[in-house]
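Residue numbering for the sequence shown follows this note's numbering, starting at 13 and increasing by one per position.
Positions of the beta carbon are idealized from the N, C-alpha and C atoms, including for glycine.
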Amino acid sequence: METVCSMLVGVACGVVGCYVVLRRMALIGDALSHAVLPGVVIALLVTRSSGIVGLLLGALLAGLVTAVLVNLVSRFSRTKEDSSIGIVFTALFAVGIILISAMPRAVHFDLKCFLFGDPLAVGTADLILMAVVCPAVLLIVTFLYHPLKLASFDPVVAAAMGVPVMGLHYLLMGMLSATVVAGLKTTGVVLVVALIITPASAAYLLSNRLWLMMLLAGSFGAFSALAGMTLSFVTNWPSGATMVVFATAIFVAAMLLSPSQGVITSFIRRVRVRRHMESEDVLKGLYHSSAASGEWCGVEHVATAARMEPARVGSIAKQMVREGLIEAEAGKLALTSAGWDRAVEMVRAHRLWESYLSEEANVAPEDVHEEAERLEHAHELADEVDQTLGHPQLDPHGEVIPQKTEPL
């Protein structure tokens with residue numbers, strides 16, 4: 013029962029968390045998880061019991077009050093939204109603590125359970141609550157998918173199209189409050205924020221489609237709950253903290269290995285781009301060296317022309333030999349026919365960019381070379397630059413610009 017309830021909490025937190033992450037509401041999500049305390053305590057005082065329905069209604073009310081107060085403080089004062097969130101949630105949390113201290117002894121409230129959770133105390137009523145909250149969240153985000161999507165990415169356009177942006181905002185706050193209350197016994201308010209933000213952030217790194225992001229976030233939340241509960245039973249570790257550790261591990265893996273935004277994949281991409289640029293520099297250096305001293309050139313001569321270390325030129329040349337762009341023999345290099353064409357393409361792009369910088373950007377001729385060294389690697393734009401300049405024949409230094417079909 014505890015594991016099933018925790019997995020439902022993970023799914024609901026992950027799905028709602030997607031909108032929290034997209035709308036950059038992580039701070040208000042944290043604030044809301046603490047600000048529900050006075051609502052929960054007032055519900056206990058009114059009902060004189062810890063019935064889950066009363067707690068849910070109290071938390072929903074507190075969540076909506078928090079959202080309204082944050083909006084009012086930021087709108088009618090010079091205080092920015094993040095400061096308003098800090099003011100409102102700390103004030104409400106303080107009110108909750110005062111109410112707890114004034115609570116009659118007949119009403120029991122376990123603050124430790126509220127803060128850190130106690131999955132072993134999960135009962136049938138809690139499971140029923142999650143069996144209601146989780147499907148309700150999924151149904152709402154399914155039926156309101158397009159309005160929520162539009163309001164999350166561009167609220168101005170959404171409002172112009174008649175989408176009730178503020179109404180959706182308060183609806184999201186209500187879903188967030190319900191999810192927080194549902195996860196109280198599983199993780200507590202301190203750690204439930206991690207289950208809301210962390211799986212959604214991991215999914216955000218892996219997808220640029222909202223529906224897939226929600227699917228991944230819900231799956232990550234459910235897996236974190238399952239793995240955390242399983243490991244906590246085996247090791248006797250705190251289950252809420254163990255769930256968050258698994259969620260964080262998933263985020264770290266996504267941060268490192270995401271195909272589009274991962275740290276490792278980005279590093280590999282940068283290395284490949286750098287090697288590609290160095291290969292083109294070697295081709296251009298060998299082109300200039302060949303034009304000056306014949307077909308075969310020493311590695312040191314090419315390194316000087318390419319402004320690279322000879323050892324680096326030798327390392328790159330090995331790969332270029334396998335690509336059929338360079339021939340190597342006894343410490344000397346020569347361009348193949350394919351390599352010659354590529355080198356001419358680089359020289360053409362370099363001289364066109366020099367002409368563009370001189371004529372269109374008003375850069376002094378003596379200053380265009382270094383900038384053209386960087387821009388020449390975007391040689392796919394050379395034809396467009398050539399057309400813009402009216403097919404020039406000479407660069408600012410009087411050098412002939414090779415034509416695309418007439419390599420020098």
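As assigned by DSSP and simplified to three states, the class of residue i
i: V412; result: strand
i: E321; result: coil
i: A346; result: strand
i: E341; result: strand
i: G174; result: coil
i: G195; result: coil
i: L406; result: strand
i: G336; result: coil
i: G22; result: helix
i: G29; result: helix
i: G274; result: coil
i: A304; result: Residue placement at A304 is flagged as unreliable, the pLDDT there being 46, under the threshold of 50; the coordinate-derived value follows with that caveat. Of the three classes helix, strand and coil, the one that applies to A304 here is helix, per DSSP.
i: T15; result: helix
i: E418; result: Low confidence applies here, because E418 scores a pLDDT of 49, under 50, leaving its location unreliable and the question unanswered by this model.
Burial state of residue i, where buried means 16 or more other Cβ atoms lie within 10 Å
i: K416; result: exposed
i: A237; result: buried
i: F279; result: exposed
i: V314; result: buried
i: L141; result: buried
i: P147; result: exposed
i: T102; result: exposed
i: M173; result: exposed
i: A304; result: At A304 the pLDDT is 46, less than 50, meaning the model places this residue with poor confidence and gives no usable figure here.
i: M178; result: exposed
i: L420; result: Note that L420 scores a pLDDT of 42, beneath 50, so its modelled location is shaky; the value from the coordinates is reported in the next line. L420 is exposed by the Cβ-count criterion.
i: D398; result: buried
i: G195; result: buried
i: L151; result: exposed
i: A342; result: exposed
For residue i, the nearest candidate out of the options (CA to CA)
i: V85; options: L227, S291 and S96; result: S96
i: V213; options: V204, M225, L203 and R221; result: Before going on, a small fix: residue 213 reads as Ser here, not Val. The candidate whose alpha carbon is nearest that of S213 is M225.
i: V52; options: I109, G29 and G26; result: I109
i: P50; options: R284, N83, A106 and A38; result: A106
i: D293; options: A234, S251 and H391; result: H391
i: N374; options: L68, P159, P408 and A342; result: P408
i: L387; options: E372, W365 and L401; result: W365
i: A137; options: S89, M178 and G66; result: G66
i: S270; options: Y216, P377, I413 and I112; result: Y216
i: A79; options: Y182, R87, L160 and M267; result: Y182
i: A323; options: P147, G310 and F88; result: G310
i: R360; options: A253, T400 and Q405; result: Q405
i: S302; options: G343, A265, W352 and M358; result: W352
i: G22; options: N248, V325 and F258; result: F258
i: L218; options: A38, D395, T277 and A376; result: T277
i: A38; options: W223, S272 and L188; result: L188
i: T59; options: E371, A266, M115 and F88; result: M115
i: H300; options: T316, G252, A253 and S251; result: T316
i: R221; options: S251, H158 and V275; result: H158
i: Q331; options: R284, T199, M267 and G98; result: R284
Beta-carbon spacing of residue i, residue j below 8 angstroms
i: V145; j: T91; result: no
i: V149; j: A24; result: yes
i: L162; j: V175; result: yes
i: L345; j: L295; result: no
i: P211; j: F245; result: no
i: M255; j: S18; result: yes
i: L104; j: A71; result: no
i: I209; j: V28; result: no
i: V82; j: I54; result: no
i: D42; j: V205; result: yes
i: L56; j: G186; result: no
i: R380; j: L393; result: The sequence as given places Val at residue 380; Arg does not occur at that position. No, the Cβ-Cβ distance between V380 and L393 is not below 8 angstroms.
i: M241; j: T15; result: yes
i: A340; j: A329; result: yes
i: L34; j: S164; result: yes
i: H403; j: A384; result: no
i: L203; j: Y31; result: no
i: V193; j: V48; result: yes
i: A355; j: G336; result: no
i: L20; j: A171; result: no
i: L180; j: L160; result: yes
Heavy atom of the ligand GDP within 7 angstroms of residue i beta-carbon
i: T348; result: With respect to the ligand GDP, the structure shown offers nothing to examine, as it has no ligands at all.
| request: Starting from the N-terminal side, write out each stretch of the beta strand (DSSP E) that is 3 residues or longer and does not extend beyond the segment 236-267. | output: none
| said: What ranges does the alpha helix (DSSP H) occupy inside the segment 38-85, keeping only unbroken runs of at least 4 residues that lie completely in it? | reply: Runs found: 38-59.
| query | What are the complete alpha helix (DSSP H) segments, minimum 4 residues, inside the segment 345-402? | reply | Runs of the alpha helix (DSSP H) inside the segment 345-402: 349-371, 380-387 and 394-401.
| said: List, from N- to C-terminal side, the alpha helix (DSSP H) runs of 4 residues or more that fit wholly inside the segment 91-120. | reply: 93-113
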